[in-house]
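Chains as they are written, first to last, in full-length UniProt numbering: chain A, 1 to 477; chain B, 1 to 477. Don't be surprised by glycine CBs; every beta carbon is placed ideally from N, CA and C. For clarity, every value in this text was computed on a predicted model and none was experimentally measured. Okay, structure first, notes after.
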C-alpha cells in the first residue's frame, strides 16, 4: 500500500498524516509518565526526525560562539572568546544592515553570505565555478524546493504536472508536491541492492504515466533519506543522461552531503558530475541543488536556514523564482550566519581549529559507531533486515510482521507499521516513524529512525527495539 | 491610479514591483559612492521598511542577553549576566527539545511560549480569556496571514473569493492575496479625517463587488500601516458589527500595538472590544489577530517570529489551519524566544528592569519626538500635507506634484511618485517608498517612510527631503 495516493491532491484535503496519530499517542504516554504512571521506561526517546540536538548531540562551539557574539556584541570585548570568533562575528555584523542581526536581510540572503556559500561550493567541486547570484538562501531546503516547484508545477494545465519521486522519500517533499497539485510519479529504489537508483526503473516510472500527467522534473535525494544510500559517480552520470534525454529538471536534495559513513562511499555532487560530463550536458541540464544548516554535523535545525544553487536555469524562469523568494522575508539572519560558518569553518592554523576539529571528530566517531551497531544488531534480529547506512541521518530497515499483527492492524483501520510504531512507543517508550510515511512496496514494512544520537542513546534505542520486537512477534505468532 | 489592478492575479505573473525599480537605482547609487563618485551625501539613508535596527535604533539589552545565553549556555555560568537573564534563559532552554535552540520546535510553536503569549494577551485585554491552543507561532505575521488566507480563499470557485482591504495598505498583504487568486476589494481610508476607517465606505466597497466576487473577509490594520491611525474603540465596535452583519471573517493586523504616540490615542485590541460587546457577537465573530517580534520597540525583524490568535473559529477550519502551519517547520527557535521576551518583559523588582525601562523610555522619547518633528516639518513645507502619526512605524504624507513632473513621469512610463522617489535617492541619498505601492486615490500621490530612527537621523532625513522637494518643485514649475 502506498500512502501518497491516500493524501488528497490539495493541502486543504490533506489527511491526518500517520505521524499525527503517533504524536498524539506519544503525548499521552509522556503525560502518563509525568503523572507518575509506572512504565518499563522513565522517558520517551524520540528519533523520528533528523534532529541531532534533540537526541543529545552537542552543538559545535565555534558556531554558537560566533552566533552569541553577533547577537550580543558586548561579547566582542571579552577575551573569553578566541580572536577568530570575534573577527568572524565582526565581519558578519558588518554584513547586516545597521550592524544588527535584528534587521531584515535581503529576501534572497545576505550577499556576503551567498558569496561565501559559492566559494564553498566551488572548493567542494574541485573548482567548478559557482556564482552567488545563482544561490538563494531561504528558511530551509524544503522552503527552497517549494519555491522551485511553484514555478515548475502548473496547477491549471489540463494534463497535471508530474514529478518523479523516489520511494522511499521523506514526507515533506511529498506534502509540497501534493499541496501544489502535482502528481507524484513514484520510482522505486532497489532495496535488495542497497537502495540503489536504477535508470530502468526511472524509465518504467516515466512510461507508466504516459498520457496521465506531464512529467517535468526528477527529484533525487543523495545521500538518501530515508534510504541511507550514497550514490556512486556512475549512478549520478546515468541519472544526468536520463534527465537530459527526457528533458527533465533535476532537483537534487543534497542536504546530507557531509554525512557519509560508508568506508568506500564518497559524496560527489550532481553539479560536479554534470561539469565533468562536459558540453552539451553541462550547458543544458537544469539543476537545483539543496543544502541546509539543519543537516550535517552542525544540526542547527532550530535556526532555519538553507540554500539552493541553480544551474543552467533559463533567465526568465530565474526571474520568477527570484520573485517567489522575494514574496516573504527571507531566512532568519542567525540561520544565515550558521550557514556561513557551516560552509566556511575554522581552518588549520586558526585559534578555534583544534576544538572544532576535535568536536567534529567526536561526532563522526559516534555516528560511524552508531551505524555499525545498527547494522549488526538489526541484522542479527529475526524478522529484521537492514541495508548498510552509507550516509544521511537515518536507518530504514525492513520489518517482517507476523500475519496476525497485520490482520490486527487492518481491523484497527491502520497501516501495519503504524500499528507497530504505536505499540513501540506505548510499550518501550521509543518513538520512530513507520515506513508507510515514506512509501514502500506493497506488503513490505519498514521503520525509520535517526542515527544521529550519542552512542549510549543508540545502545538504549537498539535495546528497547530488540526487546519490544521479540515480544511483539511472540504475541502475534 | 491603483497599482493593485496592475499586478497579475497570480504570483507567476507578478509585475516587477515599484520597489524593485527603486532598489536597483539605490544599488547603483551605493556602488557609485563606493567607487568614490562625489555626491551631495556620503551614504544612502534607507527608511523604506519598518526596520528600526537598520536605521540605528539599538536592540533591547535584556532580549539580546537572554538570546545569547540560550545560544551559548556557557554564558549562564558567568556572573556578567544578571540573575533574571540567566533564569529566563535556563527556563527557555528547558522548553527546547534536547535543551538546545538547535532542535526543531513543534511546527505551531514551543508550547511554553504559546502559554506565555496567551498570558500576555489576557493581561493586555483586562482579563479576557486567551487559550494557547488558539495561538499559532510562525516565522512572521505575514506568514500567519498567508496560512489563514489559504483556508479562506477558494481559487477554484466560479465566483472568486474577495477580501476587503484598506487603501493604503502595505504591499505584502496585497501580494499574498494576489498570489492566492483572491480579489482585493479596496476600501478607502479617509485621509482628510486622519485616515479614519468609515463603515459607509466598507458598505460601498462591498456593494461595488456584488456579483463580481464572493467577499469572505475584512482585513484591518491597527495601528495603521502606512496610515499611522490608531483606531478608536467606537470605530472598532462599528467594524465588528459590520463584519457580523455581513458574515465576514475579521483579519486584524495589530503588529504595531505597542507603537502608539498620539497623546490621546490608545491601542485597544479587536479581541477586547469583541468581548466587551458581549453575546451574540462575542461568541460568533471569527477573528484572527496578528502580532510579531519584528515590530514594537524590540524590532527584531531579522529573527523571524510572529503569532496569530484565532477567536471563534470553527473547529474544522482550525484543523485545516493547523495542518497548514504544520506543513513546513515552524518559526526559528530564537525568534520564538524573542517573542516570549516581548510578551513577558522584565517587571519592576527584577534585576534587569531598570535598564530595560530606561531603554524603552529612550526609544519612546525618540519616536514621540520624531513623529512631532515629521508633522511640523512636512506640514510647513509647500506641497506637503501630513496627517498626525498616532501610531505604527510610518509617516504617509501627501505630496502635491507639479503637473510637469507628472507629465515627465508618464513619459518615462512610471508612476509619478515612483519618479519622485527615484530622483530623491539619486539626488539626496534618501530611499523611501512611493505611495503607489500601497494604493492611493486617483491623482493623489504619497510617500512612505519609517519614523523609527535615532533623532539625528530623522533630522537629516527631513533636511534631505525638504531640500530635495524645494529643488524638485522648482525644476518642474
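Within 8 Å, strictly: CB atoms of residue i and residue j
i, j, result
"residue 199 of chain A", "residue 242 of chain A", "yes"
"residue 307 of chain A", "residue 136 of chain A", "yes"
"residue 163 of chain B", "residue 177 of chain B", "yes"
"residue 168 of chain B", "residue 226 of chain B", "yes"
"residue 389 of chain A", "residue 261 of chain A", "yes"
"residue 258 of chain B", "residue 299 of chain B", "no"
"residue 217 of chain A", "residue 152 of chain A", "yes"
"residue 287 of chain B", "residue 270 of chain B", "yes"
"residue 284 of chain B", "residue 326 of chain B", "no"
"residue 455 of chain B", "residue 446 of chain B", "no"
"residue 19 of chain B", "residue 433 of chain B", "yes"
"residue 240 of chain A", "residue 274 of chain A", "yes"
"residue 103 of chain A", "residue 336 of chain A", "no"
"residue 129 of chain B", "residue 123 of chain B", "no"
"residue 161 of chain A", "residue 186 of chain A", "no"
"residue 402 of chain A", "residue 468 of chain A", "no"
"residue 394 of chain B", "residue 228 of chain B", "yes"
"residue 206 of chain B", "residue 246 of chain B", "yes"
CB contact check: residue i to chain A, cutoff 8 Å
i, result
"residue 105 of chain B", "yes"
"residue 179 of chain B", "yes"
"residue 175 of chain B", "yes"
"residue 182 of chain B", "no"
"residue 7 of chain B", "At residue 7 of chain B the pLDDT is 30, less than 50, meaning the model places this residue with poor confidence; the figure from the coordinates comes in the next sentence. It does not; no Cβ of chain A falls within 8 Å."
"residue 464 of chain B", "no"
"residue 364 of chain B", "no"
"residue 53 of chain B", "yes"
"residue 288 of chain B", "no"
"residue 97 of chain B", "yes"
"residue 14 of chain B", "Residue confidence is low: residue 14 of chain B scores 33 on pLDDT, short of 50, so the model does not pin down where it sits. Its coordinate-derived value is still stated next. Yes - at least one Cβ of chain A is within 8 Å of the one on residue 14 of chain B."
Whole-angstrom C-beta distance between residue j and residue i, which should lie under 8 Å
i, j, result
"residue 175 of chain A", "residue 219 of chain A", "Not confirmed; about 13 Å, so no contact."
"residue 384 of chain B", "residue 448 of chain B", "At roughly 13 Å, the Cβ-Cβ gap does not stay under 8 Å, so residue 384 of chain B and residue 448 of chain B are not in contact."
"residue 416 of chain A", "residue 428 of chain A", "About 18 Å; that fails the 8 Å criterion."
"residue 26 of chain B", "residue 431 of chain B", "5 Å"
"residue 155 of chain B", "residue 181 of chain B", "4 Å"
"residue 293 of chain A", "residue 367 of chain A", "Contact doesn't hold; Cβ gap of about 18 Å is too wide."
"residue 457 of chain A", "residue 30 of chain A", "Not really, about 17 Å apart at Cβ, beyond 8 Å."
"residue 59 of chain A", "residue 100 of chain B", "6 Å"
C-beta neighbour in chain B for residue i, strict 8 Å
i, result
"residue 4 of chain A", "Because residue 4 of chain A carries a pLDDT of 36, less than 50, the predicted location of this residue cannot be relied on, and the following value inherits that uncertainty. Residue 4 of chain A does not count as touching chain B."
"residue 400 of chain A", "no"
"residue 494 of chain A", "Coverage of chain A is limited to positions 1 through 477, which leaves residue 494 of chain A absent and any answer about it impossible."
"residue 259 of chain A", "no"
"residue 253 of chain A", "no"
"residue 386 of chain A", "no"
"residue 11 of chain A", "Note that residue 11 of chain A has pLDDT 31, beneath the 50 cutoff, so the model's placement of it is unreliable and the number below is only indicative. Answer yes: the Cβ-Cβ gap between residue 11 of chain A and chain B drops below 8 Å somewhere."
"residue 205 of chain A", "no"
"residue 22 of chain A", "no"
"residue 49 of chain A", "yes"
"residue 170 of chain A", "no"
"residue 450 of chain A", "no"
"residue 115 of chain A", "no"
"residue 35 of chain A", "no"
"residue 445 of chain A", "no"
First through last residue of the alpha helix (DSSP H) which encompasses residue i
i, result
"residue 417 of chain B", "416 to 428"
"residue 120 of chain B", "111 to 124"
"residue 338 of chain B", "333 to 343"
"residue 147 of chain B", "141 to 152"
Boundaries (first-last residue) of the beta strand (DSSP E) holding residue i
i, result
"residue 487 of chain A", "Any question about residue 487 of chain A goes unanswered here, given that chain A covers just 1 to 477."
"residue 309 of chain A", "306 to 311"
"residue 38 of chain A", "Here residue 38 of chain A belongs to no beta strand (DSSP E), and DSSP marks it neither H nor E."
"residue 67 of chain B", "Not the beta strand (DSSP E): residue 67 of chain B falls in the alpha helix (DSSP H), residues 61 to 71."
(request) Report yes or no: do the stretch 301 to 316 of chain A and the stretch 138 to 148 of chain A share at least 3 C-beta pairs separated by less than 8 Å? (result) yes
(request) Please determine if the stretch 44 to 61 of chain B and the stretch 433 to 450 of chain B are in contact, where contact requires at least 3 C-beta pairs separated by less than 8 Å. (result) yes
(request) Answer yes if the stretch 308 to 315 of chain A comes into contact with the stretch 113 to 125 of chain B, meaning at least three C-beta pairs across the two stretches below 8 Å, and no otherwise. (result) no
(message) Would you call the stretch 81 to 89 of chain A in contact with the stretch 60 to 70 of chain A, where contact means no fewer than 3 C-beta pairs closer than 8 Å?
(response) yes
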